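Following full-length UniProt numbering, the numbering of the sequence shown begins with 1 at its first residue and continues without gaps.
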Amino acid sequence: MSGHGPAIPMTSRKCGPLTGEAHVPGDKSISHRSLILGAMAVGETHITGLLEGEDVIGTANAMKAFGADVERLGDGEWRVYGVGVGGFAEPENVIDCGNAGTGVRLIMGAMASSDITATFTGDASLRSRPMGRVTNPIALFGAQSYGREGGRLPMTVIGAADPVPVRYTTPMASAQVKSAVLLAGLNAPGETVVIEKEATRDHTERMLAGFGAEITVEDTDEGHVITLKGQPELMPQTIAVPRDPSSAAFPVCAALIVPGSDVLVPNIGLNPTRAGLFYTLQDMGADLIFENPREEGGEPVADLRAKYSPNMKGIVVPPERAASMIDEYPILSVVASYATGKTEMPGVHELRVKESDRIDAMAKGLRANGVTVDEGEDWWSVEGLGPEGVPGGATVATVLDHRIAMSFACLGMATQKPVHLDDGGPIATSFPVFEGLMAGLGAQLTRDNK
Ligand code: S3P
């Protein structure tokens, strides 16, 4: 899992209208959680629509290593026979989470209150990312962690033999940190409380309730206060994973910038903690509508229809919306390049510690392709060149980051000259069918060494 083999250089060329339907894969966040919670339930959880990207397969393998019985039944269809809360076995080998920050952080939380030891590693991107944000709160339960300088992987976590419940305020807006603490709280006696000042994606809370845990969420002056009663027996579930809004973002945004396009992306989860990009695009004047809005499995869902939008304007993206679109800033910056006027994106410090420093990676690649980008530690801005304007022609570094790779692939669909990716391999971590799906709509995205 560490690294994906030889680089796969790609070129994205100006294409004709993108048209048709784009069936994007299952939600990455919910896929990781389905496997982990399935492994912590007693009995058989049945999952359909699981994202079969490298990140999630890493989590499936990890759950096997912790003793759960995990089996693929068919396309996106999996069964997990769980060992129950507190039932994890000690893995016999190092757990390699590949590129997956969500995978490693949630699993560290899930094992932190069990009397077992596990060592975690990942690819060069994951090994450079901060883990202190999880090891600090799990230490409060009684877990010990030994990693490299700066709290980096590889890291060994010695779970707490006698865990105590914790009350913890997350120091940054992070659903991974919140979720790690809640998962650690599962095997602690008493009540574990997590307080978050800004709402982040709430899949863990919703799914824990679905698996039968006692969990409450209150809105108070302190923020969201989430209270979980420890040591429940989690009941196995039947889970239909909704399609990923973060993956839908790519065909939607490509359609907005490629002349004549009209693309339908059906069945997209529009949980308010995830849908910020789509509201931002509408604020910019994008021709993007939610068709057939409905509820499925307790989540708002709609079919997204995106059409070429030559009249988009740059805006200031509200910083309070950042958490609900944190993974979508790279592709937003591509759309902003084709808008008229400046798009400002304040309050986004967390972008610096994703699979890559996403402000740096996008700024470098956009500048190389003729777009003016300005940046500070926690903000950046893009000077839109209008519908005709992005020159293109450069090779960009995708820095082991799937969303950087897909964003530049979309950029090249409308630039005057082609955009080259040094490595499209990272796309497989979250969207393994991206190339075929975009080609089906009319994109000209090719591998250079074919
Ligand atoms: C995720 C939370 C976010 C997001 C990541 C998935 C999750 O990370 O960027 O892609 O599934 O909980 P942070 O918790 O670091 O904000």
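Beta carbons: idealized from backbone N, C-alpha and C, even for Gly.
Here the structure is a predicted model, which means the values were calculated and not measured.
Exercise. For the beta strand (DSSP E) holding His46, just list the boundary residues, first then last.
Key: 42-48
Exercise. Please name the residue or residues paired with Glu383 in a DSSP beta bridge.
Key: Lys342, Thr372
Self-check item: alpha helix (DSSP H) segment containing Tyr308, residue limits
Solution: It is not in any alpha helix (DSSP H) - Tyr308 carries neither H nor E in the DSSP assignment.
Quiz item: Under the criterion of a Cβ to heavy atom distance below 7 Å, does Asp327 qualify as lining the ligand S3P?
Solution: yes
Quiz item: If you measure from the beta carbon of Gly297 to each beta carbon in chain D, is any gap under 8 Å?
Solution: As a matter of chain content, chain D is missing from the structure shown, which is built from one protein chain.
Quiz item: For Arg105, does the count of other Cβ atoms within 10 angstroms reach 16, so buried, or fall short, so exposed?
Solution: buried
Self-check item: Span of the alpha helix (DSSP H) around Thr170
Solution: Unbroken run through Thr170: none, as it is neither H nor E.
Self-check item: Nearest neighbour of Gly142, chosen from Ala161, Leu73, Lys197, Met131 [CA to CA]
Solution: Ala161
Self-check item: Status (buried if at least 16 other CB within 10 Å, exposed otherwise) for Pro242
Solution: buried
Quiz item: Excluding sequence positions up to five away, which residues of its chain have a Cβ less than 6 Å from the Cβ of Glu328?
Solution: Ala249, Leu277
Quiz item: What number of angstroms, rounded off, separates the C-alpha of Ala306 from the C-alpha of Tyr81?
Solution: 40 Å
Quiz item: Where do the ends of the alpha helix (DSSP H) carrying Asn61 lie?
Solution: 54-65
Practice problem: Would you identify the three-state DSSP class for Ser31, choosing helix, strand or coil? | Solution: helix
Quiz item: Does the count of Cβ pairs from the stretch 116-136 and the stretch 152-169 closer than 8 Å reach three?
Solution: yes
Quiz item: From Glu377, Asn61, Gly84, Asn369, pick the residue whose C-alpha is nearest to that of Met345; which is it?
Solution: Glu377
Quiz item: When the distance is taken between beta carbons, is Pro245 closer than 8 Å to Leu270?
Solution: yes
Practice problem: Note down, in chain order, each residue of its chain lying with its Cβ closer than 7 Å to the Cβ of Met179, except the 5 sequence neighbours on either side. | Solution: First, the amino acid is wrong: residue 179 is Ser here, not Met. Taken in chain order, the residues that qualify are Leu106, Gly109, Thr204.
Quiz prompt | Rounded C-alpha distance that separates Met1 from His402 | solution = Caution applies to Met1, whose pLDDT of 43 falls short of 50 and renders its modelled position unreliable; the value that the coordinates give is listed next. So the alpha carbons of these two residues sit roughly 15 Å apart.
Quiz item: For Pro426, is the classification buried or exposed, using 16 other Cβ atoms within 10 angstroms of its Cβ as the cut-off for buried?
Solution: buried
Exercise. Tell whether a beta-carbon distance below 8 Å holds between Ser12 and Pro330.
Key: no
Quiz item: From Trp379 to Asn61, what does the alpha carbon distance come to, in whole angstroms?
Solution: 37 Å
Quiz item: Which whole-angstrom value describes the C-beta separation of Leu18 and Ala255, a residue pair presumed to lie in contact below a C-beta threshold of 8 Å?
Solution: 5 Å
Quiz item: Short check: CB of Val353 to CB of Leu411, under 8 Å?
Solution: no
Exercise. Within its chain, find whatever has a CB closer than 6 Å to the CB of Gly71; leave out the 5 residues flanking it on each side and keep chain order.
Key: Reading off the sequence shown, one finds Glu at residue 71, where the question assumed Gly. Only Arg79 meet the Cβ criterion.
Self-check item: Where Glu77 sits in the DSSP three-state scheme
Solution: strand
Exercise. Give the straight-line distance between the Cα atoms of Ala286 and Ala188, rounded to the nearest whole angstrom.
Key: 48 Å
Exercise. Count the other C-beta atoms from every protein chain shown that fall within 10 angstroms of the C-beta of Thr45, then say buried if there are 16 or more, exposed otherwise.
Key: buried
Quiz item: In the DSSP assignment, what are the bridge partners of Lys229?
Solution: Glu191
Quiz item: Just the Cα atoms here: how many angstroms apart are Phe211 and Gly43?
Solution: 11 Å
Practice problem: Assign Leu18 to one of three DSSP states: helix, strand, or coil. | Solution: coil
Exercise. Look up Arg13 in the DSSP assignment and give the residues it is bridged to.
Key: Gln444
Quiz item: What three-state label does DSSP hand residue 481 in the structure shown?
Solution: One cannot answer for residue 481 here, as it falls past the ends of the chain, which runs 1 to 450.
Practice problem: Reducing DSSP to helix, strand and coil, say where Asn136 ends up. | Solution: helix
Quiz prompt | Opposing strand residues paired with Pro300 [DSSP bridges] | solution = Glu295
Quiz prompt | Whether Met207 touches Arg33 by CB criterion (8 Å) | solution = yes
Self-check item: Extent of the continuous beta strand (DSSP E) to which Val335 belongs
Solution: No beta strand (DSSP E) contains Val335, which is instead part of the alpha helix (DSSP H) from 329-337.
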